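If you're matching positions, the sequence shown starts at 309 in the numbering used here and goes up one per residue.
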Amino acid sequence: MFVPEPGNIRVLVYQLDEDGRHIRHTADHVIGHRTLLGRRRQSVTNRTDGAGGAETGLAVDSVHQRLFVRDRSRILVFDIHPERMQDYPEATHVIGQPDFDTMVQGGGRKKFSGAEIIVDERDQRLFVEDGSRILIFDIDPRRLTNYPDATLVIGQPNFNSREQGLGPNRLTRA
C-alpha cells in the first residue's frame, strides 16, 4: 500500500498480508527521502526525490509492479517489485522532463503541469490531467523511454492548444 504524505513530501510504503491488512503499523519503505525519519524536502531535483506532488498523483501498475508518482511537472516511475523495493529508490523513468535533473513546466507532446494521473493497466496507458487537456502516454515497458511523447490529447484539437471551453470536444478543467 502506498500512502502519500504531502506535508513531509514523501510516499510511505506498507506491506500488506493476503487479506489486505497491514503486516506492521510502521512503514516498510519510503520514497522521496533517504530514511523513514526524513521530513524535509530534498534540495536537489533528481531521480530519487519523487514525492513533491504525490498528494494528487499516485498510480499503480500492478501488472508490471510500477508506481507512477507525480512530482510537480514530471512523473517518476518506480519499480515496486517486493523483492527489489528499498528505501529511497531511484526512479527507472521520467515523464514530462528531458532528464531527472530538470523541472520546467511546459506544453506540447512532452511537457505538462498536470495534477491527476490514472494508469490503464490493460492497455498500458497513462492519463495525465493538464488543465484543459488530458495527455495519454504509452507506458508499455517494452516501449517506455525517458521523456516520451504523448500519443493522444483529449479536450484540445492538438497538443499545443490550451483553450478552455464548453462543447463536445473541449474541457474547462480536466
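Glycine residues also receive a C-beta, built at the ideal position from the N, C-alpha and C atoms. The structure displayed is predicted, hence computed values, not measured ones.
| message | Here's a check: name, in chain order, each residue in its chain whose Cβ is nearer than 8 Å to the Cβ of Glu471, leaving out the five neighbours to either side. | response | Residue 471 sits at position 163 when you count from the first residue of the sequence shown. For Glu471, where only same-chain residues beyond five positions count, the Cβ hits under 8 Å are Ser440, Gln464, Arg478.
| task | Give every residue of the same chain whose Cβ lies closer than 6 Å to the Cβ of Phe435, excluding the five residues on either side of it in the sequence, and list them in chain order. | result | Here residue 435 refers to the residue found at position 127 of the sequence shown. Same-chain partners within the cutoff: Ile426, Ile442, Ile444.
| query | Identify the residues that DSSP records as bridge partners of Glu437: which are they? | reply | Counting from one through the sequence shown, the residue named residue 437 turns up at place 129. Paired residues: Ile442.
| Is DSSP giving Leu345 helix, strand or coil here? | As a working note, residue 345 is residue 37 in the sequence shown. Coil, per DSSP.
| task | Ignore the nearest five residues each way along the sequence and tell me which others in Pro406's own chain have a CB closer than 7 Å to its CB. | result | Translated into the one-based positions of the sequence shown, residue 406 becomes position 98. Cβ neighbours of Pro406 beyond the five flanking positions: Tyr455.
| message | Going by the DSSP bridge assignment, what does Phe386 pair with across the sheet? | response | Here residue 386 corresponds to residue number 78 of the sequence shown, with the count starting at 1. Leu375.
| Are the beta-carbon atoms of Arg382 and Met411 separated by less than 8 Å? | Within the sequence shown, numbered from 1, the residue matching residue 382 stands at position 74. Within the sequence shown, numbered from 1, the residue matching residue 411 stands at position 103. Cβ distance < 8 Å, so Arg382 and Met411 count as in contact.
| message | Check this for me: beta carbons of Phe386 and Gly404, under 8 Å apart or not? | response | Sequence index remark: in the sequence shown, residue 386 carries index 78 (1-based). Sequence index remark: in the sequence shown, residue 404 carries index 96 (1-based). No.
| query | In whole angstroms, what separates the C-alpha of Arg481 from that of Gly328? | reply | Residue mapping note: residue 481 aligns to position 173 of the sequence shown, counting from 1. Residue mapping note: residue 328 aligns to position 20 of the sequence shown, counting from 1. Each residue's alpha carbon lies about 35 Å from the other.
| query | Looking only at its own chain, which residues have a Cβ that is under 6 Å from the Cβ of Glu488, when we skip the five neighbours before and after it? | reply | Nothing can be reported for residue 488: it is not among the residues displayed for the chain, which extend from 309 to 482.
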